[in-house]
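Scroll down for the structure; my scribbles are underneath it.
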Amino acid sequence: MTASIDPTTTPAWAALSAHAENLRPDLRGWFAADPGRAARFTREAGDLWVDLSKNLLTPDTLRLLLDLAEQTRVTARRDDMFAGAHINTTEDRAVLHTALRRPANPAAPLVVDGQDVDADVHAVLGRLYDFAGRVRSGEWTGVTGKRVETVVNIGIGGSDLGPVMAYEALKPSVQLGLQCRFVSNIDPTDISEALWDLDPETTLFIVASKTFTTLETLTNARLARTWLLEKLHERGVIEANEESYTGAVSQHFVATSTALDKVAEFGIDTANAFGFWDWVGGRYSVDSAVGLSLAIAIGPENFADFLAGFATIDDHFRTAPPAENLPLLMGLINVWYVNFLGAHTHAVLPYSQYLHRFPAYLQQLTMESNGKGVRYDGAPVAAHTGEVFWGEPGTNGQHAFYQLIHQGTRIVPADFIAVANPAHALADGDQDVHHLFMANYFAQTKALAFGKTADEVRAEGTAEEIVPARVFTGNRPTTSILAPELSPGVLGQLIALYEHITFTQGAVWGIDSFDQWGVELGKQLAQEITPALSGDAAALDGQDASTKAAIERYLAERRP
Numbered sequence: 001m002t003a004s005i006d007p008t009t010t011p012a013w014a015a016l017s018a019h020a021e022n023l024r025p026d027l028r029g030w031f032a033a034d035p036g037r038a039a040r041f042t043r044e045a046g047d048l049w050v051d052l053s054k055n056l057l058t059p060d061t062l063r064l065l066l067d068l069a070e071q072t073r074v075t076a077r078r079d080d081m082f083a084g085a086h087i088n089t090t091e092d093r094a095v096l097h098t099a100l101r102r103p104a105n106p107a108a109p110l111v112v113d114g115q116d117v118d119a120d121v122h123a124v125l126g127r128l129y130d131f132a133g134r135v136r137s138g139e140w141t142g143v144t145g146k147r148v149e150t151v152v153n154i155g156i157g158g159s160d161l162g163p164v165m166a167y168e169a170l171k172p173s174v175q176l177g178l179q180c181r182f183v184s185n186i187d188p189t190d191i192s193e194a195l196w197d198l199d200p201e202t203t204l205f206i207v208a209s210k211t212f213t214t215l216e217t218l219t220n221a222r223l224a225r226t227w228l229l230e231k232l233h234e235r236g237v238i239e240a241n242e243e244s245y246t247g248a249v250s251q252h253f254v255a256t257s258t259a260l261d262k263v264a265e266f267g268i269d270t271a272n273a274f275g276f277w278d279w280v281g282g283r284y285s286v287d288s289a290v291g292l293s294l295a296i297a298i299g300p301e302n303f304a305d306f307l308a309g310f311a312t313i314d315d316h317f318r319t320a321p322p323a324e325n326l327p328l329l330m331g332l333i334n335v336w337y338v339n340f341l342g343a344h345t346h347a348v349l350p351y352s353q354y355l356h357r358f359p360a361y362l363q364q365l366t367m368e369s370n371g372k373g374v375r376y377d378g379a380p381v382a383a384h385t386g387e388v389f390w391g392e393p394g395t396n397g398q399h400a401f402y403q404l405i406h407q408g409t410r411i412v413p414a415d416f417i418a419v420a421n422p423a424h425a426l427a428d429g430d431q432d433v434h435h436l437f438m439a440n441y442f443a444q445t446k447a448l449a450f451g452k453t454a455d456e457v458r459a460e461g462t463a464e465e466i467v468p469a470r471v472f473t474g475n476r477p478t479t480s481i482l483a484p485e486l487s488p489g490v491l492g493q494l495i496a497l498y499e500h501i502t503f504t505q506g507a508v509w510g511i512d513s514f515d516q517w518g519v520e521l522g523k524q525l526a527q528e529i530t531p532a533l534s535g536d537a538a539a540l541d542g543q544d545a546s547t548k549a550a551i552e553r554y555l556a557e558r559r560p
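Per the numbering used here, the sequence shown starts with residue 1, numbered consecutively.
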C-alpha cells in the first residue's frame, strides 16, 4: 500500500488557499466581461449536458483544481480502481462496481485475483435476466399457480436505496400488472404497511443481503415468511406441515446473496439465489443482482440499457482529458466549496418528480463514502472531508427551503437536474405544463447566480424600509444538468456521474471511500441493549445513566 498524500501539503493546496482568500465572486461581472463564459464552462458526457458556468469559478480556479488533482494522483488512483487494485485498504479488496456494466466478451478480459471478472458478472446477469423474464411472462408462479403481481424487495442501505430509487425513477417502463414494494426499516410499521393489502398468492419476496446476516433484513424476511405462510394456510391452499411450508417459501422467496448456506437454512432454494462479490459495496450495487426487483419490473432489455448508461460515463471518466472530464471537474469543484469556501452542505434538486428518491440515494453514496476522519493509510486527515447532501424535487423545494439558499447566510452549492422530454406531456389549456415547470428550473439558477440589487428593488417602487428584505445578493453557486429524457440509460449515466464525483473527492482527500466502519458501532451497541428491553437487569444496569433512564421510561410507557 502506497502512503496517502496529505493534500494540504501540496503546492496546489497553498495556491488554492491564496486564490480563495483573494477571490471576490461576481457572477454578474464575470458574465458581462466574458461573453463566452457559459460555453467555456459547459461540458458533455453521454446524454448529459452540464453547465458549470454559474459556479464560483474563474479559469484560474479550474487550473489550480486540476493541479491539485495531479498532485494528489487522482487519475492514478482512478486507473488502479478500474484495474482491480485493492484500493479498499481496510478490507483489502478491489473496488469493481464498474465491472458490473462492462460489455460481455471484451477484447481484453478483466482478470482480478485470478478470476475472470467479466465472465463471472455476465454469468449472473444471464441468470438474472432469465428469472426476470420468467416472472414477467407468467411462467414463474406462486404456489397456487397464479402469476406474480407484486414483488417485495426486503433489504436495507444499498440493498434498498438503489432499487427503490431506480424503480421510482423508471416507473413509466414498469410492466403493466406488476408493481414493486420495498421494505427496509426494522420499524414494524414498514413491513405492515407494505403487506397489508397484498395477495399472498401473487406476491414474490426478494431478500437482498450479501451475507444474509443483516439484522433488519433478516428480521423483516422472517416476518414476511410468517405472513405468507399464515395467509396461505388461512385460505386453505397449503397444509400446516413442513413440506407445504417449504414448497410455499421456495415459490415465493428468492435471494440476492452469496451466503448460500444461510439462504438454504432460511428455506430459499439456492437455485434461486443470485450472487455478487465482495468488491461490490452496498451503495454501488444497484446494477448488480441487488437490482433484481428492477430487472423484473422494467425487463432485461431496459436493464441492459441501464447498465449501458453507467458504462458510458465510466468510459468518459476513464479516458477523457482532465480539463474535459466531467466527473473529475465536478468532484474538484465540490472540494473547492468544502475546503476553500466553507460549504457544509450540497443540495441536489431534481426537476423531475420521478427522481424524488435520488437525493436520498446520494446521501448514502456520498456521505457513507466520504464521511471519514482518517486517510486510507490510517493517518488523520488535515482538512474537512465530505458534505451533507440533501434535496427535494422541483417546485416542492421552492416552496420549502429555497429561502435559505437564496437569502441565507451560508453558501449552499446546488445541482439542478432536469429532462427536456417528460414522460407525461400535459397541457393546461394552451400552456405546455412542462414548459411551465422548466421555466422554474431556468429561473432559479438565474436568480441564485445574479440576484437582485437594492437599486433594482427600488425601481420596482418598493418602500425604502422594505428594500433590504427584498435584495438578493446573488453569487449563489449552481450546476445545471440537462438530459433528453429520463430513460434507463440516462438514469445509469446520472448514477455513474455521482459515483465518480464521489470517488474524485475521496481521492483528493486521500481517504478510503469504499469502507463504512462508521455504521458498525451503533449496530453493535443495539445488540447489547436489546436484552435490557426484555427484562435483563444486568444488561440494563450496564448502561450509562442517560441510556438507562431512557430505557426505563420506554418500558414504563410500553403497553403489554
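Even glycine gets a Cβ: it sits at the ideal position worked out from N, Cα and C.
Check this for me: beta carbons of Ser257 and Ala273, under 8 Å apart or not? yes
Under DSSP, the alpha helix (DSSP H) around Ala15 begins and ends at which residues? Pro11 to Asn22
Comparing alpha-carbon positions, which option in Phe205, Arg235, Thr409 and Thr473 lies nearest Arg222? Phe205
Among Ala69, Arg40 and Arg63, which one has its Cα closest to the Cα of Ile501? Ala69
Buried or exposed: Ala224, going by 16 or more other Cβ atoms within 10 Å of its Cβ? buried
According to DSSP, is Leu176 helix, strand or coil? In this structure, Leu176 counts as coil in the three-state DSSP scheme.
Which full runs of the alpha helix (DSSP H) of 4+ residues lie inside the region 339 to 411, going along the chain? 358 to 362, 394 to 398 and 402 to 407
Using the Cα positions of Tyr402 and Gln444, report the straight-line distance between them to the nearest angstrom. 9 Å
Checking the sheet assignment: what are the DSSP bridge partners for Asp428? Gln431
Around the Cβ of Tyr554, are there at least 16 other Cβ atoms within 10 angstroms (buried) or fewer (exposed)? exposed
Are the beta-carbon atoms of Ala12 and Gln71 separated by less than 8 Å? Yes, these two residues count as a Cβ contact at 8 Å.
How should Thr217 be labelled, buried or exposed, when 16 other C-beta atoms within 10 angstroms of its C-beta is the threshold for buried? buried
Give me the residue from Ala208, Phe253 and Thr211 with the minimum Cα distance to Thr226. In this structure, Phe253 is the residue among Ala208, Phe253 and Thr211 with its C-alpha nearest to the C-alpha of Thr226.
Excluding sequence positions up to five away, which residues of its chain have a Cβ less than 7 Å from the Cβ of Arg73? Residues Ile5 of the same chain have their beta carbon placed closer than 7 Å to that of Arg73, with the five preceding and five following residues left out of the count.
In chain order, what residues of the same chain have a beta carbon less than 8 Å from the beta carbon of Gly267, not counting five sequence neighbours either side? Arg225, Tyr245, Thr246, Val249, Ser250 and Phe253
Limits of the alpha helix (DSSP H) - the one that Glu485 falls within: Element bounds for Glu485: not the alpha helix (DSSP H) but the beta strand (DSSP E), Thr478 to Glu485.
Find out if the Cβ-Cβ distance for the pair Leu491, Ala166 is shorter than 8 Å. yes
By DSSP, does Lys146 sit in helix, in strand, or in coil? coil
Cβ contact (3+ pairs, closer than 8 Å) linking the region 345 to 365 and the region 503 to 511: no
What residue does the alpha helix (DSSP H) around Glu44 start on, and which one ends it? Counting along the chain, Glu44 falls outside any alpha helix (DSSP H), though it belongs to the beta strand (DSSP E) covering Thr42 to Ala45.
Bounding residues of the beta strand (DSSP E) (the contiguous stretch that carries Asn421): Ala414 to Asn421
With contact counted as at least three CB pairs below 8 Å, one residue from each stretch, are the region 408 to 420 and the region 340 to 359 in contact? yes
Output needed for Thr8: all residues of its chain with C-beta closer than 8 Å, excluding positions within five of it in sequence on either side, in chain order. Shown here for Thr8: same chain residues with a beta carbon closer than 8 Å to its own, the five before and five after excluded, namely Ala382 and Ala383 in chain order.
Coil, strand or helix - Val50 by DSSP: strand
Bridge partners of Ile333, per DSSP? The partner list for Ile333 (beta bridge, DSSP) is empty, contrary to what the question assumes.
How long is the line joining the alpha carbons of Arg318 and Arg93, rounded to whole angstroms? 20 Å
Helix, strand or coil at Arg458 [DSSP, three-state]: helix
Inter-residue CB distance, Ile313 and Leu178 (contact presumed, cutoff 8 Å): Going by Cβ atoms, the distance from Ile313 to Leu178 rounds to 28 Å, so no, they are not a contact pair.
From Thr270, His424, Gly397 and Ile238, pick the residue whose C-alpha is nearest to that of Val207; which is it? Thr270
How should Lys372 be labelled, buried or exposed, when 16 other C-beta atoms within 10 angstroms of its C-beta is the threshold for buried? buried
Helix, strand or coil, according to DSSP, for Lys452 in the structure here? strand
If you draw a straight line from the alpha carbon of Phe358 to that of Ser184, how long is it in whole angstroms? 17 Å
Exposure label - His316; buried when at least 16 CB within 10 Å: That one is buried.
So, do the region 454 to 474 and the region 148 to 160 have three or more beta carbon pairs nearer to each other than 8 Å? In this structure the region 454 to 474 does not lie against the region 148 to 160, because fewer than three pairs of beta carbons, one per stretch, are closer than 8 Å.
Which class does Gly93 belong to by DSSP, given the choice of helix, strand or coil? A small fix is needed here, since residue 93 is Arg in this sequence, not Gly. Arg93: strand per DSSP, three-state reduction.
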